[in-house]
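A.B. asks: Got a structure here, written out as structure tokens. Questions coming.
What follows is the structure, encoded as structure tokens:
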């Protein structure tokens, strides 16, 4: 059940697509069953939203890099859903992290937030995830140390704080995640990077080694929930098929 721009109530017993144009990031929605009216009203209910932008486009300017020490090559291999949309993160030759970053992620005191991304080994077999707060003490020091994931063995190599998970997906990908519990209200950063055989997020790269990434998500949740892609200014939700849900921001 939803209301069209003319104010008419629309009822349907079948799944329907709803498209919304918005300048504000909107929450994903699901339909629930209700024994009223024509026998079915799909009440739209908000669920956890993805707070990242351009979640399958790591070459977009919203993803910054640490001193340019990583190169993003777009659409290099098939994603877990079979589309040629997974990007390659190629480490630079300099010393330091080789990460892509999204900044200004709003967090609340004692809330739980989970960062996740689908990743696949290429010439690097490890992935690193960590958070930062610019030295403003919104999170613990341990949250700023890399959690490291082995994309060959499908294991968590290093877990410094919170929960860390790695789950096998299609096409050789793993969904890697880590959770943070802030200690103050504020804004934090989410970092994603290829990782060498060590455990420090800072190392000297060779300029060619890389991993594949797709489908990043940052959400207010204890564990990673159904992935929700965020792209451009059109938001659409396809009822009953969560992998096709689309949410965007202008």
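Residue numbers (the numbering used here): -16 to 233.
No residue lacks a Cβ here, since even glycine has one placed at the ideal position from N, Cα and C.
1) Go to residue 201, then tell me how far its beta strand (DSSP E) extends in each direction, as first and last residue.
2) Reducing DSSP to helix, strand and coil, say where residue 190 ends up.
3) Can you tell which of 76, 100, 172 and 185 has the C-alpha that lies nearest to the C-alpha of residue 160?
4) Can you look up residue 133 in the DSSP assignment and give me helix, strand or coil?
5) Residues bridged to residue 110 by DSSP?
6) Looking only at its chain, what residues have a beta carbon closer than 8 Å to the beta carbon of residue 190, apart from the 5 residues adjacent to it on each side?
7) By Cβ distance below 7 Å, which residues in the same chain neighbour residue 119 in space, the five residues on each side in sequence not counted?
8) Since residue 85 and residue 121 should fall inside the 8 Å C-beta cutoff, what is the C-beta to C-beta distance between them, to a whole number of angstroms?
9) So, under 8 Å CB-CB, residue 48 and residue 70 are touching, yes? Tell me the CB distance rounded to an integer number of Å.
10) Could you tell me which residues DSSP pairs with residue 89 in its beta bridges?
C.D. replies: From the atom records:
1) To locate residue 201, count along the chain shown from 1; it is residue 218. Its beta strand (DSSP E) spans residues 193 to 202.
2) Within the chain shown, the letter at position 207 stands for residue 190. Coil, per DSSP.
3) Indexing the chain shown from 1 puts residue 160 at position 177. Closest by alpha carbon: 100.
4) Within the chain shown, residue 133 is the residue found at index 150, counting from 1. Of the three classes helix, strand and coil, the one that applies to residue 133 here is strand, per DSSP.
5) The sequence position of residue 110 within the chain shown is 127, counting from 1. According to DSSP, which records beta bridges pairwise, residue 110 is partnered with 132 and 177.
6) As a working mapping, residue 190 is identified with position 207 in the chain shown. The residues are 73, 74, 75 and 76.
7) As a first step, residue 119 must be located in the chain shown, where it is residue number 136. These residues qualify, in order along the chain: 169.
8) Counting from 1 along the chain shown, the entry for residue 85 is found at position 102. Counting from 1 along the chain shown, the entry for residue 121 is found at position 138. With 8 Å as the limit, residue 85 and residue 121 do not qualify as a contact, their Cβ atoms being about 15 Å apart.
9) Translated into the one-based positions of the chain shown, residue 48 becomes position 65. Translated into the one-based positions of the chain shown, residue 70 becomes position 87. With a Cβ gap of about 13 Å, residue 48 and residue 70 do not count as contacting.
10) Numbered from 1 along the chain shown, position 106 holds the residue referred to as residue 89. Answer is 170, bridged to residue 89.
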